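>
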Amino acid sequence: MHVLGIESSCDETAAAVIRDGNYICSNIVASQVEIHKPYGGVVPELASRQHIRHIVPVVDRALQEANLNLDQLDAIAVTQGPGLVGALLVGIQMAKALAYIANRPIVGINHLEGHLAAVYLLDGLPPPPRHLALLVSGGHTAIFLVNGFGSYQLLGSSRDDAAGEAFDKVAKLLGLGYPGGPIIEKFSEVGCPNAIAFPRALANSDELDFSFSGLKTAVLNHVKRVGIPQGESLADLCASFQRAVQDVLVRKTISALQRTRTNVVIAGGGVLANHSLRHGLEAAINNEGAKLILPPISLCTDNAAMIAAAGTQRILRGQRSDLSLNAEPRLKL
Ligand code: KG4
Ligand code: ZN
Numbered sequence: 085m086h087v088l089g090i091e092s093s094c095d096e097t098a099a100a101v102i103r104d105g106n107y108i109c110s111n112i113v114a115s116q117v118e119i120h121k122p123y124g125g126v127v128p129e130l131a132s133r134q135h136i137r138h139i140v141p142v143v144d145r146a147l148q149e150a151n152l153n154l155d156q157l158d159a160i161a162v163t164q165g166p167g168l169v170g171a172l173l174v175g176i177q178m179a180k181a182l183a184y185i186a187n188r189p190i191v192g193i194n195h196l197e198g199h200l201a202a203v204y205l206l207d208g209l210p211p212p213p214r215h216l217a218l219l220v221s222g223g224h225t226a227i228f229l230v231n232g233f234g235s236y237q238l239l240g241s242s243r244d245d246a247a248g249e250a251f252d253k254v255a256k257l258l259g260l261g262y263p264g265g266p267i268i269e270k271f272s273e274v275g276c277p278n279a280i281a282f283p284r285a286l287a288n289s290d291e292l293d294f295s296f297s298g299l300k301t302a303v304l305n306h307v308k309r310v311g312i313p314q315g316e317s318l319a320d321l322c323a324s325f326q327r328a329v330q331d332v333l334v335r336k337t338i339s340a341l342q343r344t345r346t347n348v349v350i351a352g353g354g355v356l357a358n359h360s361l362r363h364g365l366e367a368a369i370n371n372e373g374a375k376l377i378l379p380p381i382s383l384c385t386d387n388a389a390m391i392a393a394a395g396t397q398r399i400l401r402g403q404r405s406d407l408s409l410n411a412e413p414r415l416k417l
C-alpha cells in the first residue's frame with residue numbers, strides 16, 4: 085500500500101511516499117527559511133506564494149524518487165490544519181486535484197497527529213497503545229495521553245507562547261536571526277546554563293500546563309538592563325534560556341508519567357531537534373524506569389512522511405475525506 089503525503093501548513097512545502105505505513109520511499113522538503121529570515125518569522129502571504137511555486141515540483145520529485153506514477157498510489161493524505169490558511173489551501177488543492185485525477189481516496193490529517201505518527205516510521209516495535217505524547221513545536225506545546233491511534237486526551241498545553249515560538253522570539257530580540265531554535269542551540273553549546281536564573285513558570289504547579297511568555301519577558305528585561313550581550317555573555321544567556329525551557333518540559337513530562345502511570349513517552353515537533361533537550365528528556369525518563377521514543381531530527385521537524393504515516397493509519401481504519409475537504413486553521417487534536 086502506497087500513500088502520498090502532502091504538508092504545507094507553515095513554511096515547509098513537503099511531499100512523501102510511504103509504503104505499508106512504515107517504509108519511507110521518498111521524503112522531500114522544500115524549506116522557505118531563507119525567504120522569511122529577513123522578517124524574523126514566517127510571513128503568511130510569502131509562505132502561500134512559495135508553496136504555490138514549490139508544490140508541483142516537490143510532489144513530482146516525491147513520486148520520482150519512490151519510482152511510482154500517480155496510478156500506483158493507493159491514497160493521498162494531506163495536512164488539513166492547524167496552520168496558516170493560505171498555506172494549507174495550497175497543499176489541500178494539490179491533494180484534491182491528484183485524488184480526482186487518479187480517482188483515489190483522500191484523507192485530511194491533523195498536523196499534530198502527523199507529528200505523533202512519525203513513530204510508525206521508526207525501526208523496532210510499535211509503541212504500546214497507551215502512552216504519553218509530548219509535542220513541542222513552533223505553534224504548539226502539549227502533553228497528551230494516547231489510548232491507541234486516534235484517541236488523544238490533552239493533559240496540558242501552553243497558555244501563551246509555544247516553546248518554539250519562545251526560541252524564535254528570543255533569537256529575534258537578540259538579533260540572531262530565524263528560526264531561533266537552531267541558532268540559540270549553537271550559541272548554547274559554549275555557554276553556562278546556570279549563568280542567569282531565568283524563571284521556570286508553572287514548573288512546580290500541579291497542573292500540566294506550560295507558560296513561556298514570562299521567560300521571554302525575563303530575557304527582554306535582562307537585555308534592557310545589560311544591553312545585547314556579546315561573546316561569552318551571549319552564549320551564557322542562550323544556554324540559560326535553553327535550560328529554562330528544557331527544565332520545564334522535562335519536569336512536566338515526568339509529572340505526567342507519574343500521574344498517568346504510563347511507561348512510554350513519544351516526543352515530536354521541531355523543538356525536539358534540540359540535542360540538549362533530547363538528552364535531558366531521555367535521561368529523566370529513563371531515571372523513572374520509563375522509555376522515550378524519539379524520531380530522528382528529520383522526522384521531528386515538519387515533513388510529509390509523518391502525514392502519510394498518519395494517513396495510512398486512517399485509511400486502514402476505513403476513514404477518508406471527500407473532495408469537499410477544506411483547510412481548518414484552528415483544528416484541534
Ligand atoms: O514542528 P516544526 O518544524 O514546525 C511547527 O509545526 O511549528 O517546529 C518549528 C519550531 C521553530 O520554532 C524552531 O525554532 C524550533 O522548532 N526548532 C528548535 C530547534 N530546531 C527547530 N528549537 C530548539 N532547538 C532546535 N535545535
Ligand atoms: Zn509541525
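So for the sequence shown, my numbering puts the first residue at 85; every next one is plus one. Note that CB positions come from ideal geometry on N, CA and C, so glycine has one too. All values derive from a computational prediction rather than experimental measurement.
Throw me the rounded Cβ distance for the Gln-150 and Cys-109 pair, which I believe falls under 8 Å.
Taking the sequence shown and counting its residues from 1, the one referred to as residue 150 is at position 66. Taking the sequence shown and counting its residues from 1, the one referred to as residue 109 is at position 25. The question names Gln, but residue 150 in the sequence shown is Ala. That pair is a contact at about 4 Å.
> Please classify His-363 as buried or exposed, where buried requires at least 16 other C-beta atoms within 10 Å of its C-beta.
Residue 363 sits at position 279 when you count from the first residue of the sequence shown. Exposed, because fewer than 16 other Cβ atoms sit within 10 Å of the Cβ of His-363.
> By DSSP, does Lys-416 sit in helix, in strand, or in coil?
Here the question's residue 416 lines up with position 332 in the sequence shown. If DSSP states are grouped into helix, strand and coil, Lys-416 belongs with coil.
> Mind listing, in chain order, the continuous alpha helix (DSSP H) runs of no fewer than 4 residues lying wholly within the stretch 335-403?
As far as the stretch 335-403 is concerned, its whole alpha helix (DSSP H) runs of at least 4 residues are 359-371, 381-384 and 389-400.
> Please specify which runs of the beta strand (DSSP E), each continuous and at least 3 residues long, are wholly inside the stretch 99-162, giving them in chain order.
Segments of the beta strand (DSSP E) lying fully in the stretch 99-162: 107-115.
> How about Ile-381 and Ala-351: do their beta carbons lie closer than 8 Å?
As a working note, residue 381 is residue 297 in the sequence shown. As a working note, residue 351 is residue 267 in the sequence shown. No; because the gap between Cβ atoms is not below 8 Å, this pair is not in contact.
> Classify Tyr-123 as buried or exposed, calling it buried when 16 or more other Cβ atoms lie within 10 Å of its own Cβ.
Residue mapping note: residue 123 aligns to position 39 of the sequence shown, counting from 1. The residue is exposed, with fewer than 16 neighbouring Cβ atoms inside 10 Å.
> For Gly-64, tell me which candidate among Val-191, Ser-272, Gln-403 and Thr-396 has the shortest Cα-Cα distance.
With the chain covering only 85 through 417, there is no way to say anything about residue 64.
> Quick one: measure Cβ to Cβ for Pro-212 and Val-348, integer angstroms, because I've assumed they're closer than 8 Å.
Against the sequence shown, residue 212 aligns to sequence position 128. Against the sequence shown, residue 348 aligns to sequence position 264. About 6 Å; that satisfies the 8 Å criterion.
> Count the CB pairs spanning the stretch 375-391 and the stretch 198-209 that are closer than 8 Å, and state whether there are at least three.
Taking 8 Å as the limit for Cβ pairs, the verdict is that the stretch 198-209 does touch the stretch 375-391.
> According to DSSP, simplified to helix, strand and coil, what is Phe-282?
As a position in the sequence shown, residue 282 is number 198, starting the count at 1. In the structure shown, Phe-282 sits in coil (DSSP, three-state: anything other than H, G, I, E or B).
> The ligand ZN and Asp-386: does any heavy atom of the ligand fall closer than 7 Å to the residue's C-beta?
Start at 1 with the first residue of the sequence shown, and residue 386 comes out as number 302. Asp-386: yes, Cβ under 7 Å from the ligand ZN.
> Between the C-alpha atoms of Gln-156 and Ala-114, what's the straight-line distance to the nearest angstrom?
Within the sequence shown, residue 156 is the residue found at index 72, counting from 1. Within the sequence shown, residue 114 is the residue found at index 30, counting from 1. Each residue's Cα considered, the two are about 24 Å apart.
> Is there at least one non-hydrogen atom of the ligand ATP closer than 7 Å to the beta-carbon of His-120?
Within the structure as shown, the ligand ATP is missing, the only ligands being the ligand KG4 and the ligand ZN.
> If you follow the beta strand (DSSP E) that His-86 is part of, which residue opens it and which one closes it?
Counting from 1 along the sequence shown, the entry for residue 86 is found at position 2. It spans 86-91 - the beta strand (DSSP E) in which His-86 sits, taken as one unbroken run.
> Excluding the 5 residues flanking Gly-232 on each side, which residues of the same chain have their C-beta closer than 6 Å to its C-beta?
The count along the sequence shown starts at 1 and reaches residue 232 at position 148. Answer for Gly-232: Pro-213, listed in chain order.
> Can you tell me where the alpha helix (DSSP H) with Ser-297 in it begins and where it stops?
Taking the first residue of the sequence shown as 1, we reach residue 297 at position 213. Looking at the DSSP string, the run of the alpha helix (DSSP H) that includes Ser-297 is 297-310.
> Measure the Cβ-Cβ separation of Val-191 and Gly-175 and say whether it is below 8 Å.
Against the sequence shown, residue 191 aligns to sequence position 107. Against the sequence shown, residue 175 aligns to sequence position 91. Not in contact: Val-191 and Gly-175 (Cβ atoms no closer than 8 Å).
> What are the boundary residues of the alpha helix (DSSP H) that Phe-294 is part of?
For the purposes of this step, residue 294 is taken as residue 210 along the sequence shown, with counting starting at 1. No alpha helix (DSSP H) contains Phe-294, which DSSP labels as neither H nor E.
> Could you give the C-beta distance for Leu-333 and Leu-304, rounded to a whole number, given that I count them as a contact under 8 Å?
If you number the sequence shown from 1, residue 333 lands on position 249. If you number the sequence shown from 1, residue 304 lands on position 220. About 21 Å separates the two Cβ atoms, so there is no contact after all.
> Determine the extent of the alpha helix (DSSP H) in which Thr-182 is found, giving its start and end residues.
Counting from 1 along the sequence shown, the entry for residue 182 is found at position 98. Rather than Thr, the amino acid found at residue 182 in this sequence is Leu. Here the alpha helix (DSSP H) through Leu-182 covers 169-186.
> How about the stretch 270-284 and the stretch 126-140: do they share at least three Cβ pairs that are nearer than 8 Å?
Contact fails: fewer than three Cβ-Cβ distances are below 8 Å.
> So, helix, strand or coil for Tyr-204, using DSSP?
Position 120 of the sequence shown holds residue 204. If DSSP states are grouped into helix, strand and coil, Tyr-204 belongs with the helices.
> Which first and last residues belong to the alpha helix (DSSP H) in which Ala-250 is found?
Here the question's residue 250 lines up with position 166 in the sequence shown. Here the alpha helix (DSSP H) through Ala-250 covers 247-257.
> Mapping the DSSP letters down to three states, classify Phe-228 as helix, strand or coil.
As a position in the sequence shown, residue 228 is number 144, starting the count at 1. Phe-228: strand per DSSP, three-state reduction.
> Quick one: Cα of Leu-182 to Cα of Arg-243, how far?
In the sequence shown, the residue the question calls residue 182 occupies position 98. In the sequence shown, the residue the question calls residue 243 occupies position 159. Spanning the two alpha carbons is a distance of roughly 39 Å.
> Do His-195 and the ligand ZN come close, with the Cβ less than 7 Å from some heavy atom?
Stepping through the sequence shown from its first residue, residue 195 is reached at position 111. Correct: His-195 has its Cβ closer than 7 Å to the ligand ZN.
> Checking 8 Å against the spacing of the C-beta atoms, do Val-220 and Leu-257 come in under that value?
Stepping through the sequence shown from its first residue, residue 220 is reached at position 136. Stepping through the sequence shown from its first residue, residue 257 is reached at position 173. It is not a contact, given that the beta carbons lie outside the stated cut-off.
> In whole angstroms, what separates the C-alpha of Thr-225 from that of Gln-148?
Counted from its first residue, the sequence shown places residue 225 at position 141. Counted from its first residue, the sequence shown places residue 148 at position 64. Taking the straight line from one Cα to the other gives about 35 Å.
> Helix, strand or coil: which one does DSSP assign to Leu-219?
Taking the sequence shown and counting its residues from 1, one reaches residue 219 at position 135. Note: Leu-219 maps to strand in three-state DSSP.
> Is Val-329 closer than 8 Å to Ala-255 when the C-beta atoms are compared?
Position 171 of the sequence shown holds residue 255. Position 245 of the sequence shown holds residue 329. No, these two residues do not count as a Cβ contact at 8 Å.
> At a cut-off of 7 Å, is His-135 close to the ligand ZN when judged by its beta-carbon and the heavy atoms of the ligand?
By one-based count along the sequence shown, residue 135 stands at place 51. Not so, every heavy atom of the ligand ZN lies at least 7 Å from the Cβ.
> For Leu-417, which of Leu-154, Ala-99, Gly-165 and Arg-133 has the nearest alpha-carbon?
Along the sequence shown, one-based indexing puts residue 417 at 333. With distances taken between Cα atoms, Leu-417 lies closest to Gly-165.
> In terms of residue numbering, what span does the alpha helix (DSSP H) encompassing Gly-265 cover?
Counting from 1 along the sequence shown, the entry for residue 265 is found at position 181. 264-272 is the extent of the alpha helix (DSSP H) around Gly-265.
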